[in-house]
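Below is one structure, written out as C-alpha cells; the observations come after it.
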Amino acid sequence: MVSYLIIGGSIGALGAVEGIRRLDSHGETVVVSEEQSLYLRPSIGKYLEGKLDEESIAFGSNHLWELNKVQVLRGTRVASLDAERKTVRLEDGRSIAFDRLPLATGSSPIVPKIEGIEKAGVHTFGGLSDIQAIRGELPRARSAVIIGGGLIGVAATETLMNRGKQVTVVELRSWLLILLLSQEAAAVLERAMRRCGIDILNGLSMKKIERKRDRPLELGGVLLSDQRRIDANIVVAAIGVTQRIELARQAGLKKNRGILVDRFLETSIPGIFACGDVAETPSFFDARNQVVALWPFARLSGRVVESNMAGGKMEYSRSLPMSAVHYFNLPIISAGYSVQTAPEGSEKLCSSSANAHLEVLLLSDRLIGFTLVGDGEPAGLFLNLLRSRIQISDIKDSLLDSGFSFAHLPESLRKRTVMEVWA
Amino acid sequence: MEPRIKVAQNRPLSMAIQCHHCTDPACVNACLAGAMYKDEVTGYVVHDRAKCTGCLTCLATCPFRAVVYKGDVSSKPWKCDFCSGLDVPACVVNCPNEALVLEEVES
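In C-alpha cells:
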C-alpha cells in the first residue's frame, strides 16, 4: 500500500508533491500520469513557436518533481477508483492500494459537434500531443481558423500567426475574452490583433469543415453560420474545457461541474481529496463553490491537499479567479469580479487610452475586481488590496494614477504585507 | 537591461521597492513557465529568462509591485536578483543618502 496516490501529472500534482516535502513526510508517494512526459502546459504555444525547447517545458529540478521518493508512472491510465476499499485499478491491470488520494485529473478541451470534425485535421490546444499534430501540418498549411476566442483561442491565434499562418478567429459571442473583459477592454485587444493581420469574426459559429476536393485527406476550409466560406488548412477548436470528473462520478463522490470539496479540499468521501482544475472549491466572495481552472490556484490547492492528507489542517485560501496573459504585446490581467459578473451596486473606475484600458470594481469601497489591458503594472497591488478586503475610500481616487505604488497602500496593509512575506 | 528597483512615492512618504525575496514567494508559486524559482542555497528569488514566456503572472501576484515591465523588446519582465556577482548590491553602494543598507539579520 502506498501512503499517497496522486492521480494526474500536471501542476496540481506538483503542488501536492511540494506539500509533502514541506511536512518532510516519509510516506511513499506515487503519481499516475497518462502523459509520457511531464511538462508545463501553458508553455506549449511557445514550444510550437520554437521559442522554448523540450527541456525548457519539462518540469525541471526547480520543481522538485524527481525528489522526495516520488514514483511517477508515466503513460498510465486509471481504469477505476474504489473509494471504499481504497484501491485504484490501472488500465494495464495492476491495482494500487492507497491510504490517501488526491484527484488532480484536471480538465480537457471540449470538441464541438460540427460536421466533418471527426476526421483528422481538427485539433485542440491543450497538450503536447496537440502541438505535435499541429506541427506536422505546418509545412503545407497557409491558413488557420480558430474556433473560440477565449484564453486558449487567443493563445493559439498568436502562436499560429508567429508560425506565418493567416489566422481567422471565429467567436460565437460579441467580443473576445468575454468571460474576462468588458467590451471596451476587449476592443483594445481586437484592435491590436487586427493590426497584426488577424481576422476576427464575432457572433458567428462554424457549420461545417470541408476537405479539399482533389486531396480529401487535407482540410480545405470551413463554412460559417452566415454561409460564408473561409480557407483553412488547420482548424483549432478552443471553445472551453470540461472538468475530468469521470473517476469521481464512478467512485460516488459529490460533484457539480467539478468535484465538490470543503475548505480543506476534502471530497465527500474522507481520505479522498481533489485539487487543481477538477476541484470545485469554496469561493473567495461567498458561500458558493466554484471551479477556478487556472494554473496558480492548481499549484496552491495541491499543496493544501497534501498538507491535509498528511494530517494537517490547512485551509485553502479560497478560490479567487486571477489570470495574467500577454498576447499581441498586450498584458491582459484580471482578478475577482468582471464588469459582467459584478454584484449590483458596485462602482466602476475606468481609465482608457489608445492602447490600454484599465478597470477597477469596488463594492462598499472595497476592491472586488480589476481588469487591465495594455498596462499590467499595478496588478499586484490591486490583488493585494482585493485579498485584504480593506476599505480604501481615501485612496480610490489615486488607484488608476500611473504612479500608484506600494507607498499608497494603507500603512496597516504595508506592514502586514512585509510581515507575511518574511514569515 | 532595465533597473530592477523603483522608488515608490506618496509624499511625504518615499521608499525603495525591490524584490523582498519572500519566504514563500507568490511569483514563484504562480509562474506558469517554471521560470521563477527560489534558490535553495542563497534564498534569492531568481528569474530564468530563457524559460520565461512573458505571461506577467509574476507581476500580477507581487504584492509590492516589485516586478518591472517596460514593454521592452523581449516582452519579459525584470526583477531584482540581489546583484548576483557583486558583494554588495548596486543600489546599496550607490544610494547617495545611505538610506539603503545591507545587513544580515537573525531570522
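Chains as they are written, first to last, in the numbering used here: chain Y, 1 to 423; chain C, 1001 to 1107.
In this text, a Cβ means the ideal position worked out from N, Cα and C, and glycines have one as well.
Predicted, not measured: the structure shown is a model, and the values here were computed from it.
Handout entry: Proximity test, Cβ basis, 8 Å: residue 125 of chain Y and chain C
Key = no
Practice task
Using a Cβ-Cβ cut-off of 8 Å, state whether residue 299 of chain Y counts as contacting chain C.
Solution key: So yes, residue 299 of chain Y belongs to the interface.
Exercise for the section: Under 7 Å Cβ to Cβ from residue 1096 of chain C, same chain only, skipping five residues before and after it: list those, please. Expected result: Spatial neighbours of residue 1096 of chain C in its own chain (CB-CB distance under 7 Å, excluding positions within 5 residues in sequence) are not present.
Exercise for the section: Quick one: give me the first and last residue of the alpha helix (DSSP H) that residue 135 of chain Y is part of. Expected result: 128-137
Practice task
Closer than 8 Å by beta-carbon distance: list the chain C residues that pair up with residue 40 of chain Y, in chain order.
Solution key: 1032, 1033, 1034, listed in chain order.
Problem - Spatial neighbours of residue 138 of chain Y in its chain, beta-carbon cut-off 7 Å, leaving aside the 5 residues before and after - result: 163
Practice task
Please confirm if residue 1099 of chain C has its CB atom under 8 Å from at least one CB of chain Y.
Solution key: no
Problem - Assumed close pair residue 312 of chain Y, residue 48 of chain Y - CB separation to whole angstroms, cut-off 8 Å - result: Actually they do not touch by this definition, with Cβ atoms about 40 Å apart.
Problem - DSSP beta-bridge partners of residue 171 of chain Y - result: Y:202
Exercise for the section: Compute the distance between the beta-carbons of residue 1075 of chain C and residue 407 of chain Y, then report whether it is under 8 Å. Expected result: Pairing residue 1075 of chain C with residue 407 of chain Y gives a Cβ-Cβ distance that is not under 8 Å.
Exercise for the section: Find the residues of chain Y that neighbour residue 1055 of chain C, judging by a C-beta separation of less than 8 Å, and give them in chain order. Expected result: 42, 324, 325, 326
Handout entry: Nearest candidate by alpha-carbon position, reference residue 1010 of chain C, set Y:422, Y:87, Y:423, Y:404
Key = Y:404
Problem - Local conformation of residue 346 of chain Y per DSSP, three classes - result: DSSP, read as helix, strand or coil, puts residue 346 of chain Y in coil.
Problem - Cutoff 8 Å: residue 415 of chain Y Cβ touching any chain C Cβ - result: False, the Cβ-Cβ gap to chain C never drops below 8 Å.
Practice task
Find the residues of chain C that neighbour residue 284 of chain Y, judging by a C-beta separation of less than 7 Å, and give them in chain order.
Solution key: Simply none; closest approach about 15 Å.
Problem - Nearest candidate by alpha-carbon position, reference residue 363 of chain Y, set Y:266, Y:385, Y:380 - result: Y:385
Handout entry: Separation of residue 319 of chain Y from residue 414 of chain Y, as counted between CA atoms
Key = 23 Å
Practice task
Using a Cβ-Cβ cut-off of 8 Å, state whether residue 1020 of chain C counts as contacting chain Y.
Solution key: Interface annotation, residue 1020 of chain C: in contact with chain Y, CB-CB separation under 8 Å.
Handout entry: Start and end residues, alpha helix (DSSP H) containing residue 382 of chain Y
Key = 379-388
Practice task
Flag residue 421 of chain Y as yes if its beta-carbon sits less than 8 Å from any beta-carbon of chain C, otherwise no.
Solution key: yes
Problem - Straight-line Cα distance separating residue 1031 of chain C from residue 62 of chain Y - result: Reliability of the predicted coordinates at residue 62 of chain Y is poor, the pLDDT of 49 falling under 50, and the value obtained from them is presented with this limitation in mind. One C-alpha to the other measures close to 12 Å.
Problem - C-alpha gap between residue 50 of chain Y and residue 132 of chain Y, whole angstroms - result: Going by the C-alpha atoms only, they are around 12 Å apart.
Exercise for the section: Give the interface partners of residue 1062 of chain C over in chain Y, defined as CB-CB distance under 8 Å, in chain order. Expected result: 380
Handout entry: Straight-line gap, residue 1048 of chain C to residue 12 of chain Y (C-alpha atoms, nearest Å)
Key = Each residue's Cα considered, the two are about 22 Å apart.
Practice task
Kindly indicate which three-state DSSP category residue 413 of chain Y falls into: helix, strand or coil?
Solution key: helix
Practice task
Compute the Euclidean distance between the alpha carbons of residue 34 of chain Y and residue 206 of chain Y, then round it to the nearest angstrom.
Solution key: Rounded to whole angstroms, residue 34 of chain Y to residue 206 of chain Y spans 31 Å at the Cα level.
Problem - Own chain, CB closer than 7 Å to residue 69 of chain Y, minus 5 neighbours either side, in chain order - result: 28, 29
Problem - Per DSSP, the bridge partner or partners of residue 98 of chain Y - result: Answer is Y:2.
Practice task
Rank Y:104, Y:241, Y:190 by C-alpha distance to the C-alpha of residue 126 of chain Y and give the top, closest one.
Solution key: Y:241
Exercise for the section: Starting from the Cα of residue 325 of chain Y, find the closest Cα among Y:317, Y:335, Y:316 and give me that residue. Expected result: Y:335
Problem - Amino acids of chain C, ordered along the chain, whose beta-carbon sits closer than 8 Å to that of residue 333 of chain Y - result: 1056, 1059, 1060
Practice task
Might you give, ordered along the chain, the residues of its own chain that have their beta carbon closer than 6 Å to the beta carbon of residue 331 of chain Y, omitting 5 neighbours on each side?
Solution key: 376
Handout entry: Bounding residues of the beta strand (DSSP E) (the contiguous stretch that carries residue 371 of chain Y)
Key = 366-373 is the extent of the beta strand (DSSP E) around residue 371 of chain Y.
Practice task
Measure the alpha-carbon distance for residue 111 of chain Y versus residue 124 of chain Y and round it to whole angstroms.
Solution key: 7 Å
Practice task
With a threshold of 16 other CB atoms inside 10 Å of the CB of residue 411 of chain Y, please say whether the residue is buried or exposed.
Solution key: exposed
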